[in-house]
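Engineer: This structure is in structure tokens; I'll ask about it shortly.
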Amino acid sequence: MIKTALITGATSGIGKACAIKFAQNNYNLILTGRRDDRLQQLKKELTKNFKVEITTLTFDVRNREEVKSAIDTLKGQTIDVLINNAGLAAGLDPIQEGSMDDWDQMIDTNVKGLLYITRNVAPLMVEKKSGHIINIGSIAGREVYPKGNVYCASKHAVDALTKGMRIDLLESGIKVTQIAPGAVETEFSMVRFKGNQQTADNVYKGFEPLHPEDIADVAFYVTTLPAHVNINDLLIMPTAQANGTTINRK
Ligand code: NDP
Ligand code: 8X3
Numbered sequence: 003m004i005k006t007a008l009i010t011g012a013t014s015g016i017g018k019a020c021a022i023k024f025a026q027n028n029y030n031l032i033l034t035g036r037r038d039d040r041l042q043q044l045k046k047e048l049t050k051n052f053k054v055e056i057t058t059l060t061f062d063v064r065n066r067e068e069v070k071s072a073i074d075t076l077k078g079q080t081i082d083v084l085i086n087n088a089g090l091a092a093g094l095d096p097i098q099e100g101s102m103d104d105w106d107q108m109i110d111t112n113v114k115g116l117l118y119i120t121r122n123v124a125p126l127m128v129e130k131k132s133g134h135i136i137n138i139g140s141i142a143g144r145e146v147y148p149k150g151n152v153y154c155a156s157k158h159a160v161d162a163l164t165k166g167m168r169i170d171l172l173e174s175g176i177k178v179t180q181i182a183p184g185a186v187e188t189e190f191s192m193v194r195f196k197g198n199q200q201t202a203d204n205v206y207k208g209f210e211p212l213h214p215e216d217i218a219d220v221a222f223y224v225t226t227l228p229a230h231v232n233i234n235d236l237l238i239m240p241t242a243q244a245n246g247t248t249i250n251r252k
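Below, the structure written as structure tokens:
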């Protein structure tokens, strides 16, 4: 039977790499993001290269009405895998200087957006007594680094929510996995530094960061295990990164 994965934040980086990986492995896909042009382009590429059905849903995960109406269009469909990936860091400032707009954006996207999606998709899985939710956490959800304050807090929340979801969905047989990466070279730093290319490039200078495909490979792998096996949690780092702050730059 052909399976379906819903991937949030599929317009870029880890989400886009997951879309390609799951399409390569014959999954039908529901791809979401705010940038519709990118979703349409990705749909075109994937349907050209693979025999899969792609549904795109363009909405902002921070808007709970938009989330509900988008997921309501899927009623009746089975969602086998949900990848809660959409997220961002905005700014890198000490707490006493942080932008409250940045704080709202991170908390509304990384925490509340993930909750809104899950609240609408999990009941569809519960109904079928089957499904797998993969939350993209971060090393920032295990440690706190200087000026990481609110981003780190939002990813600590993802860590807690992953554990909570696993307990609440246990009796419905739904798997819940957290994948927590270290530095992955995506548009993440361009977004964090608001388009400052040089500052963004410096994040990945002098070492080989993870590639989004590395995370996609692992996200797919966790879905291939037998029904009785679940990977609860994976921390995946570049070999050159020991923890949140220690990177072996050459
Ligand atoms: P990208 O910036 O490349 O991708 C982020 C994705 O999230 C985009 O597709 C974007 O789509 C989507 N997104 C952001 N805000 C919203 C929103 N309000 N509504 C809907 N979609 C949204 O970054 P990454 O691929 O690196 O990030 C993916 C996840 O991985 C994030 O949760 C991030 O925190 C996490 N992560 C990243 C790491 C890294 O080093 N890169 C390390 C650890 C975790 P659009 O703009 O079209 O809406
Ligand atoms: C992204 C990785 O270390 O920049 O979650 O916070 S880090």
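Throughout, our numbering is defined as the position within the sequence shown, counted from one, plus 2.
Yeah, the Cβ is synthetic: ideal placement off N, Cα and C, and Gly gets one too.
Evaluate the contact criterion for the stretch 216–234 versus the stretch 12–26: three or more CB pairs, one atom per stretch, below 8 angstroms.
Structural biologist: Enough Cβ pairs lie closer than 8 angstroms, so yes.
Engineer: Below 7 angstroms, is the gap between the Cβ of Val63 and the nearest heavy atom of the ligand NDP?
Structural biologist: Reading the sequence shown from its first residue, position 61 is the one you call residue 63. Yes, the ligand NDP has a heavy atom inside 7 angstroms of this Cβ.
Engineer: Determine the contact status of Lys157 and Val83, defining contact as a CB-CB distance below 8 angstroms.
Structural biologist: Along the sequence shown, one-based indexing puts residue 157 at 155. Along the sequence shown, one-based indexing puts residue 83 at 81. Not in contact: Lys157 and Val83 (Cβ atoms no closer than 8 angstroms).
Engineer: Return the CA-CA distance between Arg37 and Leu163, expressed in angstroms with no decimal places.
Structural biologist: Position 35 of the sequence shown, counted from the start, is the residue given in the question as residue 37. Position 161 of the sequence shown, counted from the start, is the residue given in the question as residue 163. Straight-line Cα distance between these residues: approximately 27 angstroms.
Engineer: Going straight from the alpha carbon of Thr111 to that of Val63, what length do you get?
Structural biologist: For the purposes of this step, residue 111 is taken as residue 109 along the sequence shown, with counting starting at 1. For the purposes of this step, residue 63 is taken as residue 61 along the sequence shown, with counting starting at 1. Cα-Cα distance, rounded: 6 angstroms.
Engineer: Could you please go through the chain and list the residues whose beta-carbon is closer than 5 angstroms to any non-hydrogen atom of the ligand 8X3?
Structural biologist: The filter returns Ser140, Ala142, in chain order.
Engineer: According to DSSP, what are the bridge partners of Pro214?
Structural biologist: Here residue 214 refers to the residue found at position 212 when the sequence shown is read from its first residue. Partner(s): none; Pro214 has no beta bridge.
Engineer: Could you tell me whether the stretch 134–141 touches the stretch 181–191, where touching means 3 or more Cβ pairs closer than 8 angstroms?
Structural biologist: Yes, they touch.
Engineer: With respect to 7 angstroms, is the separation between the Cβ of Ala72 and the closest non-hydrogen atom of the ligand SAM below this value?
Structural biologist: The ligand content of the structure shown is limited to the ligand NDP and the ligand 8X3, which means the ligand SAM is not among them.
Engineer: So the alpha helix (DSSP H) Asp74 belongs to, where does it begin and stop?
Structural biologist: For the purposes of this step, residue 74 is taken as residue 72 along the sequence shown, with counting starting at 1. 66–74 is the span of the alpha helix (DSSP H), which, as asked, contains Asp74.
Engineer: What's the gap between the Cα of Ile217 and the Cα of Ser174?
Structural biologist: To locate residue 217, count along the sequence shown from 1; it is residue 215. To locate residue 174, count along the sequence shown from 1; it is residue 172. Looking at the two C-alpha atoms, the distance is approximately 27 angstroms.
Engineer: Following a CB-centred definition, is Glu189 positioned closer than 7 angstroms to any heavy atom of the ligand NDP?
Structural biologist: Counted from its first residue, the sequence shown places residue 189 at position 187. Flag set: Cβ of Glu189 near the ligand NDP.
Engineer: Measuring only from the beta carbon, is Ile16 closer than 7 angstroms to any heavy atom that is part of the ligand NDP?
Structural biologist: Within the sequence shown, residue 16 is the residue found at index 14, counting from 1. Yes, since a heavy atom of the ligand NDP falls inside the 7 angstroms radius drawn around the Cβ of Ile16.
Engineer: Put Ile85 into one of helix, strand or coil per three-state DSSP.
Structural biologist: Against the sequence shown, residue 85 aligns to sequence position 83. Reduced to three states, the DSSP call for Ile85 is strand.
Engineer: Taking only three categories from DSSP, how would you classify Asp62?
Structural biologist: Position 60 of the sequence shown, counted from the start, is the residue given in the question as residue 62. In the structure shown, Asp62 sits in coil (DSSP, three-state: anything other than H, G, I, E or B).
Engineer: Measuring straight from C-alpha to C-alpha, what distance separates Thr57 and Thr80?
Structural biologist: Translated into positions along the sequence shown, residue 57 becomes position 55. Translated into positions along the sequence shown, residue 80 becomes position 78. Going from the Cα of Thr57 to the Cα of Thr80 covers about 13 angstroms.
Engineer: Taking the CB atoms as reference points, tell me whether Ile97 and Gly133 lie closer together than 8 angstroms.
Structural biologist: One-based indexing of the sequence shown puts residue 97 at position 95. One-based indexing of the sequence shown puts residue 133 at position 131. No. Outside cutoff.
Engineer: For Ile254 versus Asn122, is the C-beta distance shorter than 8 angstroms?
Structural biologist: In the structure as shown, the chain starts at 3 and stops at 252, and residue 254 therefore has no counterpart that could be examined.
Engineer: Heavy atom of the ligand NDP less than 7 angstroms from the Cβ of Ile138, yes or no?
Structural biologist: Within the sequence shown, numbered from 1, the residue matching residue 138 stands at position 136. Yes - the ligand NDP has a heavy atom lying nearer than 7 angstroms to the Cβ of Ile138.
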